[in-house]
Amino acid sequence: DQQVKQNSPSLSVQEGRISILNCDYTNSMFDYFLWYKKYPAEGPTFLISISSIKDKNEDGRFTVFLNKSAKHLSLHIVPSQPGDSAVYFCAATGGYQKVTFGIGTKLQVIP
Amino acid sequence: DGGITQSPKYLFRKEGQNVTLSCEQNLNHDAMYWYRQDPGQGLRLIYYSQIVNDFQKGDIAEGYSVSREKKESFPLTVTSAQKNPTAFYLCASSIQAGGTWFFGPGTRLTVL
């Protein structure tokens, strides 16, 4: 039972355009959400997070939007750069320490 | 510098042998975790520990064992009972109150 779903396994975007990565969750107990970026053969690195009391959090080129009623969050990268090419994991937690990850979306930014 | 280290980066093991993967953190985090990554599977939780001398099974604990004798260290042993041990293993830590999880660089284990 996948509680965190990333339904797009891959995404290709032209350099300079917006990348939108989507994530859906089913557990209504989740109240904190994170996005991680992962290059091959490396550990994931933290990108940005959002608490359920907010609907938007912005950090430079990265913005995360949360729609609690739809149990949906998205990561926007503007403008996209070739160095952004990686696998992006959505993660969620309900304060009980365990974090649940999605299976990831592979982003390719084409120069 | 603060962070999480995992060693070795690449590890080869003969079938039937136990092997221990190292994870050390100097972030003063109480909670530590072991994840496994397989293609198309994302990150799956093997074991986690919220405090020294305590640990809990994750979603795929069978064939693995851990110990948490020190706050800084959370080694994972892949036993011969683990049927598909070849994978990329990631260690992570977080502050007790939750928040951001920080990951180590990972260990690629290959069983020959």
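As they're listed, the protein sequences go chains A and B. Here the numbering used here is used: the first residue of the first sequence is 85, the next is one more, and so on. Here the numbering used here is used: the first residue of the second sequence is 10, the next is one more, and so on. Even for Gly, the Cβ is constructed at its ideal location relative to N, Cα and C. Being a predicted model, the structure only gives us computed values, none of them experimental.
(request) Run the CB neighbour count on alanine 106(B), radius 10 Å, all protein chains shown included, and call it buried at 16 or more, exposed below. (result) Caution is warranted here: a pLDDT of 49 is assigned to alanine 106(B), below 50, making its placement in the model unreliable, and the coordinate value is therefore given only provisionally. The residue is exposed, with fewer than 16 neighbouring Cβ atoms inside 10 Å.
(request) Report the residues of the segment 116-135 of chain A with a CB closer than 8 Å to any CB of chain B, ordered along the chain. (result) Going along the segment 116-135 of chain A in chain order, one finds Tyr116, Leu118, Tyr120, Ala125, Glu126, Gly127, Pro128, Thr129, Phe130, Ser133 with a Cβ nearer than 8 Å to chain B.
(request) Indicate whether aspartate 108(A) and lysine 121(A) have their beta-carbon atoms separated by less than 8 Å. (result) Taking the C-beta atoms as reference points, lysine 121(A) is found no nearer than 8 Å to aspartate 108(A).
(request) For the beta strand (DSSP E) containing tryptophan 119(A), list its first residue and its last residue. (result) Tryptophan 119(A) -> beta strand (DSSP E) spans 116-122.
(request) Grab the span of the beta strand (DSSP E) containing alanine 170(A) for me, first residue to last. (result) Residues 170-177.
(message) Please list, in chain order, the chain B residues whose beta carbon lies closer than 7 Å to that of valine 183(A).
(response) Trp110
(request) Taking glutamine 26(B) as part of the beta strand (DSSP E), name the residues at either end of that continuous run. (result) Judged by DSSP secondary structure, glutamine 26(B) falls outside any beta strand (DSSP E); it is assigned neither H nor E.
(request) Assign glycine 51(B) to one of three DSSP states: helix, strand, or coil. (result) strand
(request) Note down, one range per segment and in chain order, each beta strand (DSSP E) of at least 3 residues found wholly within the segment 38-115 of chain B. (result) Those beta strand (DSSP E) runs which fall completely within the segment 38-115 of chain B and span 3+ residues are 40-47, 51-60, 63-66, 73-75, 85-87, 96-103.
(request) For the beta strand (DSSP E) containing valine 97(A), list its first residue and its last residue. (result) Counting along the chain, the beta strand (DSSP E) containing valine 97(A) begins and ends at 94-98.
(message) Strictly under 8 Å for the Cβ-Cβ distance: is asparagine 91(A) near chain B by that measure?
(response) Not closer than 8 Å to any Cβ of chain B, the Cβ of asparagine 91(A) fails to qualify, so no.
(message) Given this structure, state the Cα-to-Cα distance separating histidine 38(B) from glutamine 65(B), to the nearest angstrom.
(response) 17 Å
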